[in-house]
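Asker: Dropping the structure in here first, questions after.
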Amino acid sequence: MANYAENRKARFNYEILEKYEAGIELLGLEVKSVRGGQMSLEGAFVLVRGGEAFLINANIPPYQPSNTPKDYDPLRNKKLLLIKKEIAELSASEKNKSLTIIPLSVYNKGRKIKISIALSKGKKKFDKRESIKKRDTEREVRRTLKN
Numbered sequence: 036m037a038n039y040a041e042n043r044k045a046r047f048n049y050e051i052l053e054k055y056e057a058g059i060e061l062l063g064l065e066v067k068s069v070r071g072g073q074m075s076l077e078g079a080f081v082l083v084r085g086g087e088a089f090l091i092n093a094n095i096p097p098y099q100p101s102n103t104p105k106d107y108d109p110l111r112n113k114k115l116l117l118i119k120k121e122i123a124e125l126s127a128s129e130k131n132k133s134l135t136i137i138p139l140s141v142y143n144k145g146r147k148i149k150i151s152i153a154l155s156k157g158k159k160k161f162d163k164r165e166s167i168k169k170r171d172t173e174r175e176v177r178r179t180l181k182n
């Protein structure tokens, strides 16, 4: 299972409440670009509208820029493939204003490209400071145990 793209800041900026795995609807040139590791999830989020989930602001640059159609948009909305029960859960929780749905990583499962999304709550500044302190103390403990 190869990991193609990861949203590194997601775990720092958000508190992960629940994870989901979804398929992603891509064009052929986007599949090649994702498999080449060119996808970026920075600033991306998921919206549920009309009983469907969409990935917004995920940047997938063209695989071969010279062979790309002129009307190709690298930031186009991509449809996520979830079951109705999961879409209903996400839609209900999205109505709560303090929760958001963010992508965590894009990877392959067999021949399919999957995306891991999470229902999350934004961290406050003091929570971020707390996680930095925790990370630093764990690093110090590992250093002392190593020596």
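Going by the numbering used here, the sequence shown opens with residue 36, and the numbers climb by one from there.
Glycine is no exception: its CB is placed at the ideal position from the N, C-alpha and C atoms.
Compute the Euclidean distance between the alpha carbons of K144 and N94, then round it to the nearest angstrom.
Answerer: Working through the sequence shown from its first residue, we reach residue 144 at position 109. Working through the sequence shown from its first residue, we reach residue 94 at position 59. Near 21 Å, if we compare the C-alpha coordinates of N94 and K144.
Asker: Could you tell me the alpha carbon to alpha carbon distance between G86 and R177, rounded to whole angstroms?
Answerer: On the sequence shown, position 51 is the one that residue 86 refers to. On the sequence shown, position 142 is the one that residue 177 refers to. C-alpha separation (whole angstroms): 47 Å.
Asker: With a CB to CB cut of under 8 Å and the five nearest residues on each side skipped, what residues in its chain are close to I137?
Answerer: Here residue 137 refers to the residue found at position 102 of the sequence shown. Within the same chain, I137 has close Cβ partners N42, A45, Y49, A79, F80, V81, I152, A153 and S155.
Asker: Taking the C-alpha atoms as reference points, what is the distance between V69 and L180?
Answerer: Locating residue 69 in the sequence shown gives position 34, counting from the first residue. Locating residue 180 in the sequence shown gives position 145, counting from the first residue. Spanning the two alpha carbons is a distance of roughly 40 Å.
Asker: Would you list, in sequence order, the uninterrupted beta strand (DSSP E) runs of no fewer than 3 residues that lie entirely inside the segment 83 to 120?
Answerer: 87 to 91 and 113 to 116
Asker: With a threshold of 16 other CB atoms inside 10 Å of the CB of I148, please say whether the residue is buried or exposed.
Answerer: Indexing the sequence shown from 1 puts residue 148 at position 113. The residue in question, I148, is buried, as its Cβ has 16 or more Cβ neighbours within 10 Å.
Asker: Use the C-beta contact count for A88: other C-beta atoms within 10 angstroms, 16 or more gives buried, fewer gives exposed.
Answerer: Against the sequence shown, residue 88 aligns to sequence position 53. Within 10 angstroms of the beta-carbon of A88 lie 16 or more other beta-carbons, which makes it buried.
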